[in-house]
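K.L.:
So the protein lines, in turn, are chains A and B. Each residue of the first sequence is one higher than the last, beginning at -9 in our numbering. Each residue of the second sequence is one higher than the last, beginning at 632 in our numbering.
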Amino acid sequence: MSIKGRFTRTSGLGLVLAAGLAMAAASPAEAKTFKWAFQGDPVSMDPYTINETLTLGFIGNIYESLIRRRKDLSIEPALAESWETVKPDVWRFHLRKNVKFHDGTPFTAKDVVFSWKRTLSQGSDVKTFVSGIKDIKVLDDHTIDIVTAGPRPIFTSEIPFWYIMSEDWAKKNKAVEVGKLTTEAENYANRHANGTGPFILKSREPGVKTVVVPNPNWWDKATHNITEGILTPIKSPATRVAALLSGELDMMYPAPTQDVNRIKGTKGLAMLEGPEARTIFLGFDLQRDELLYSNIKGKNPLKDVRVRKAMYQALDMNAIKKKVMRGNSWPAALLIAPQINGFKKELNTRFAYDPKASKKLLAAAGYPNGFEIVLDCPNDRYVNDEAICLAASAMLAKVGVKVKVNAQTKAKHFGKIKREDTSFYLLGWTPSTFDVHNVFYNNVKTRPAYLPKGVEPQPGQGQWNCGIYSNTEVDKLIELVANEIDPAKRQGMISKMMTIHKNEIGHIPLHQQPLSWAKKASIDLFQSPDNTFQLRWVTVK
Amino acid sequence: MAAYIVRRILQAIVVMLTVALIAFSLFRFVGDPILALVGQDTTLEEQAELRKELGLTDPVVVQFARFVGNVARGELGISYGQRRPVIDMFKERLPATLELSLLSAVLAIGIGIPMGIYSGLHRDGWLSRVFQTVSLVGISLPPFLVGILLIYLFAVFIGVLPSQGRGDTVQLGWWSTGLLTWSGIKSLILPAITLGLFQMTLIMRLVRSEMLEVLRTDYIKFARARGLKNRVVNFGHALKNTLVPVITVTGLQVGSIVAFAVITETVFQWPGLGFLFLQSVQTVDIPVMAAYLVFVAAFFVIINLIVDLLYYVIDPRLRLDRTTSSDHGG
C-alpha cells in the first residue's frame, strides 16, 4: 500500500488560499511546487513517438538535443559545445564533456549515433528531423562528423527537437526501437525517461498527472527556482479556468477567449498573449477544371487570379482582428510569421481591403453576380477557427461570393482536405524548423502526382498542398533555398519565391493567432512563440 | 431458473456482437486515426505504411472479425493515444469510474427513495412541494451545467472543495481507491452530486407517483379497514408494491450512470473510463473506443440480468406463476 501523489499539503494550502480568493501571493517560502495545466497530455515520454508541439515541448524539460533554441528562437549550443562545417556537407560537432544522463551514465558520441539509428526505426514519427543525415562518423568520444546529403544550410535548425537518448539505458530496458502499435507490449520509454536535461521524470500517470523534479547534476546553470513541477491535463476549458481561479494551479493554457477579460480582472492573476509563430491561411483548389463544391459547372473560377484577388480584397482582417479575435491577432501577408527565418518585413503588406475593387475584379473575370463555394474549416484546432470562417463567409457574401462553411472536428477536417476533397480550406502552419523552407516545401511545392514527366519528387513534398498550387519556378526556388549556404543569396531567393507566390495569390494568408496563457501574477515565466512551455524559465516568487 | 440464465447469456452475446459491429461501422465516420498518430511533417508514404500495418485498409468486416478474435483471446490492442495496452488503461481507470458511479447511485437511491415516499405520503405538505421544485431543477439542468455551477460555487467562491481531479489515491492491489484519503473523498463529492442528481430526481418522482397510485388501490383501503397500523400499510404493503417498476428503472439508471459518466468525468477531469472514451473519440483512438463500447454493452446486459433476477425476489407472483398456474395475482 502506498500513497500516490503529493497533493495533500499543497491542496490543503489551496483551501486556505481559495477561501480568501486570490491571496495567492501569500505562498510559503520553502516548497516551490509549480502546478500547471494544458488541455491535453503529452502522448508519450518517448521523444520519437510523435512530432507534436505539446509532446516534444514537454519532453524538452527532460531530454536535450545537440542544439537548443534561445528565447528569441535563435540557436545555441546544448549537448554540442560547438560545431563547424569541415566541408559543405560535413558538420563537425564537439560534444560537451562531463554530461551525465539522469541514471548516471555519461553522455558520449555513441549515444548520438544510437539516437540517430533509433530515430530511423519503424515506429518513429520524427524521421524528418534526421532526414538530412547521411552518416555519422565518430572521431572520438566527444567529436563526431555528421555527413549530410548535399549542402544543407537548414541542418542546425532541423535538430533542436531531436533529443538524444542513452544507448545503455535503452538497451538495458529493451527500448532500442521506438514502440509500435502492433505489438501487445508497452515500450519502456513510453512512461519512463532518462535524459540529460534540467528536469527528471519522477512519476507519470498518462492523462492524469506527470511530476518532474530538478536535475541536481545538470551541466548548465539552473535559471528556475522550482523544486517540483506537476502537469495536470484539464480538458474542459471552464474547469481549467476554475482551477486557476481557485488557486489549485499556478498556470494554465490555453485560456478560453471568453474568459480572458475575467482573468485579467482578477487580482493576483495575469494573462500572457504574445503572437504564436503559426500563420493561419486559406487555400484554393487550383487543380480541377470543375470545382467539387460550387455552383459553377464546367470551369473552375479559382483558376483565375482575378477571382482569387477579389476574394482576398473582400476580407477585412482588421475587422476580424477586432470582432473575432478581440484585438488579439496579427494580420499577415506572408505564409510565415516574423519570428521565422526568411521573413521579409517589406513583403508583409496585405493587398488592401477593398470590396469595390473585389466586385470589379469578379465582373472582369465573368462573375458579376459572384458564385457559390464551400469553405472547409476545422472547429477545434486553431483559436476561433470556425468563427474566422464564418466572418470570412459574411465578408465574401458582400461582394457576391456565397460561402457555405463546412466546419468540423480536426480529425475529419484534415483528412478531408489532405485527400484533395475540397475547393476552399483553412489551414494553419508553424514550420518545425522555424525556417521558411519547411512551409513552402509542405504547402506550396507541387505534389508528386502533379509533377510533369521526368521531374523527380523529393519525399513528402507538397503533402499539405491540398489545392495543388503549382509553379515550376517556385518549385525550383524551393529546392535552391534548401541547398544555398550563402545567407544573402539565400534570402534573395526566398524573397523572390515569396513575392511570386504572393502576387499569384497562391493562398490567402490571414493572421498570426495569439498564444493565450494564464498564470498567477506571482509566477515569472517565458512565453515562447513556438508554444512550447519550458520549466527552466519559471520563477516562483 | 438455470435455463433462463443461460438463455439470457446467449442473448447477451448476440447483443454485444451487434453493438460491436455497429460501433465498427461507425468508426469510419469519426475521422482518420492516422492524422492523430503522426506530426505534420510525416510523409504520405509513411502514413500509408502505418495505415496498412494497423490493418486500417482492410474491409470493415475483416477488421471486425479480427477485433472479435482478439477480444476472445483477451487482447484489446494498444491505444493509439497513449501507446499502452488498452487493458492496462482500463484497469487503471475502472476504479475511478466505479467509485464515482457507486457513490452517485447510493446518493440517488438513498435520497431519492425516501424523498419519493415522503412526498407520496404527504402530497400536499410544504416539504413535498420543496422536493418537487428541487427535482424539477435536477431533471431539467444538463449535468455539465450542474457540474460547472457546483465548481464555481464550492471550488472558486467558497473554496472548500477541489475543482477537478481525484485527489490522492491509495493502491490496493491493482485497485486504486480515493475513499481512504481525505483529499480523495473531498474530490469525490462534487462529481458524485453532479452525476447522481438527475437519477435522484428521477427516482424520487417515480417513487412518488407509484406511491400515489398504489395508495389508491383497494387492497390498501382494505388493509386500513382491517385496522393495520399506518407504518405497516405504508411500508409493508404500499412501498413493496411500488418497488417493481422502481427497481427496473433504477437498474437501468445505474447502467447509465456508468455509461454516461462521460460528461461529468470530462467536466471534473475525473480520470475514469468515460473521460478516456471521450478523449479517444477526439483522437480517433479506435482500440479504446471499441473496447469501451463493448464494456458498456456488457455492463448494461449484466445489469439487466440482475434486474430480472431481482424481480423473482421481490414479486411473489413471478415465482408462483412458474409453480402453480393458478390465478393469485388478482
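Every residue, glycine too, gets a C-beta built ideally from N, C-alpha and C.
Using a C-beta cutoff of 7 Å, does A:Gln248 count as contacting chain B?
P.N.:
Chain B, which has no Cβ nearer than 7 Å to the Cβ of A:Gln248, makes this no.
K.L.:
Where A:Ile490 and A:Lys22 are concerned, what is the direct C-alpha to C-alpha distance, given to the nearest angstrom?
P.N.:
Near 53 Å, if we compare the C-alpha coordinates of A:Lys22 and A:Ile490.
K.L.:
Going by DSSP, which residues form a beta bridge with A:Ile136?
P.N.:
Paired residues: A:Trp81, A:Ile126.
K.L.:
Comparing alpha-carbon positions, which option in A:Leu467, A:Lys107, A:Ser111, A:Ala68 lies nearest A:Asp125?
P.N.:
Measuring from the Cα of A:Asp125, the nearest candidate turns out to be A:Lys107.
K.L.:
Could you give the distance in angstroms between the alpha-carbon of A:Leu5 and the alpha-carbon of A:Phe48?
P.N.:
Legend: pLDDT at A:Leu5 = 40, less than 50; position of this residue unreliable, value from coordinates given subsequently. For A:Leu5 and A:Phe48, the distance between alpha carbons rounds to 29 Å.
K.L.:
Taking C-beta pairs closer than 8 Å, name the residues in chain B that A:Glu176 reaches, listed in chain order.
P.N.:
Those within 8 Å of A:Glu176 in chain B are Ile709, Arg714, Arg715, Pro716, Asp719.
K.L.:
For the stretch 659 to 672 of chain B, which residues have a CB atom closer than 9 Å to at least one CB atom of chain A, in sequence order?
P.N.:
Correct list: Phe660, Val661, Gly662, Asp663, Pro664, Ile665, Leu666, Ala667, Leu668, Val669, Gly670, Gln671, Asp672.
K.L.:
A:Val116 to B:Phe660, Cα distance in whole Å?
P.N.:
Those two C-alpha atoms are separated by around 28 Å.
K.L.:
For A:Arg58, does the count of other Cβ atoms within 10 angstroms reach 16, so buried, or fall short, so exposed?
P.N.:
A:Arg58 is buried by the Cβ-count criterion.
K.L.:
Determine the direct distance from the alpha carbon of B:Pro774 to that of A:Ala541, and round the result to whole angstroms.
P.N.:
Residue 541 of chain A lies beyond the residue range present for chain A, which begins at -9 and ends at 531; the question has no answer from this structure.
K.L.:
Using a Cβ cut-off of 9 Å, pull out every chain E residue sitting near B:Val864, in sequence order please.
P.N.:
As a matter of chain content, chain E is missing from the structure shown, whose protein chains are A and B.
K.L.:
Based on the DSSP secondary-structure assignment, which residues constitute the bridge partners of A:Val203?
P.N.:
Answer is A:Ile190.
K.L.:
With distances taken Cα to Cα, identify the nearest neighbour of A:Ala175 among A:Thr186, A:Gly185, A:Ala183, A:Asn163.
P.N.:
Taking only the C-alpha atoms, the option nearest A:Ala175 is A:Asn163.
K.L.:
Residues of chain B with CB closer than 8 Å to the CB of A:Gln453, please, in chain order.
P.N.:
Those within 8 Å of A:Gln453 in chain B are Thr674, Leu675.
K.L.:
Find the nearest neighbour of A:Gln29 within the set B:Gln910, B:Tyr943, B:Pro918, B:Asn935, judged by alpha-carbon distance.
P.N.:
Ranking the options by Cα distance to A:Gln29, first place goes to B:Gln910.
K.L.:
So, is B:His802 buried or exposed, given that buried needs 16 or more other C-beta atoms within 10 angstroms?
P.N.:
The sequence shown places Gln at residue 802 of chain B, rather than the His named in the question. Classification for B:Gln802: exposed.
K.L.:
Could you check how far apart the C-beta atoms of A:Gln503 and A:Arg268 are, in whole angstroms? I think they sit under 8 Å.
P.N.:
Right, their Cβ atoms sit about 6 Å apart.
K.L.:
From what residue to what residue does the beta strand (DSSP E) around A:Met241 run?
P.N.:
It spans 241 to 243 - the beta strand (DSSP E) in which A:Met241 sits, taken as one unbroken run.
K.L.:
If you run the structure through DSSP and keep just helix, strand and coil, what is A:Asp425?
P.N.:
Three-state result, A:Asp425: strand.
K.L.:
Cβ-heavy atom distance between A:Thr186 and the ligand MG below 6 Å?
P.N.:
You won't find the ligand MG in this model; it holds no ligand whatsoever.
K.L.:
Taking Cβ positions only, does A:Ala19 come closer than 7 Å to chain B?
P.N.:
Note that A:Ala19 has pLDDT 47, beneath the 50 cutoff, so the model's placement of it is unreliable and the number below is only indicative. No, because no Cβ of chain B sits closer than 7 Å to the Cβ of A:Ala19.
K.L.:
From B:Ala651 to B:Gly747, what does the alpha carbon distance come to, in whole angstroms?
P.N.:
C-alpha separation (whole angstroms): 38 Å.
K.L.:
What in chain A is Cβ-close to B:Thr897, meaning under 8 Å?
P.N.:
Simply Lys225, Ser226.
K.L.:
Is A:Arg108 helix, strand or coil by DSSP?
P.N.:
It is helical.
K.L.:
Examine the Cβ distances between the stretch 237 to 254 of chain A and the stretch 512 to 524 of chain A and report whether three or more of them are shorter than 8 Å.
P.N.:
As far as the Cβ criterion goes, the stretch 237 to 254 of chain A touches the stretch 512 to 524 of chain A, which means the pair count is three or higher.
K.L.:
I need the DSSP call for B:Phe655, collapsed to helix, strand or coil.
P.N.:
Of the three classes helix, strand and coil, the one that applies to B:Phe655 here is helix, per DSSP.
K.L.:
Could you name the residues that DSSP lists as bridge partners for B:Pro902?
P.N.:
B:Pro902 pairs with nothing; no bridge assigned.
K.L.:
Could you tell me the distance, in whole angstroms, from the CA atom of A:Thr98 to the CA atom of A:Leu63?
P.N.:
Near 26 Å, if we compare the C-alpha coordinates of A:Leu63 and A:Thr98.
K.L.:
Rank B:Val925, B:Asn935, B:Val938 by C-alpha distance to the C-alpha of B:Met647 and give the top, closest one.
P.N.:
Ranking B:Val925, B:Asn935, B:Val938 by Cα distance to B:Met647 puts B:Val925 first.
K.L.:
Check whether the Cβ atoms of A:Phe145 and A:Gly122 sit closer than 7 Å, and answer yes or no.
P.N.:
Yes, the pair counts as a contact, with Cβ atoms nearer than the cut-off.
K.L.:
Consult DSSP for B:Thr808 and reduce its assignment to one of helix, strand or coil.
P.N.:
If DSSP states are grouped into helix, strand and coil, B:Thr808 belongs with the strands.
K.L.:
Using a Cβ-Cβ cut-off of 7 Å, state whether B:Pro902 counts as contacting chain A.
P.N.:
Judged by the 7 Å Cβ criterion, B:Pro902 is in contact with chain A.
K.L.:
Short of 6 Å in beta carbon distance, which residues of its chain neighbour B:Pro822, apart from the five on each side in sequence? Order them along the chain.
P.N.:
Leu731, Thr895, Phe899, Trp901, listed in sequence order.
K.L.:
By DSSP, does A:Gly255 sit in helix, in strand, or in coil?
P.N.:
Coil, per DSSP.
K.L.:
Under the assumption that A:Ser34 contacts A:Thr45 (Cβ atoms under 8 Å), give the Cβ distance between them as a whole number of angstroms.
P.N.:
About 7 Å; that satisfies the 8 Å criterion.
K.L.:
Excluding five sequence neighbours on each side, which residues of the same chain lie with their C-beta closer than 6 Å to the C-beta of B:Thr649?
P.N.:
No residues qualify anywhere along the chain.
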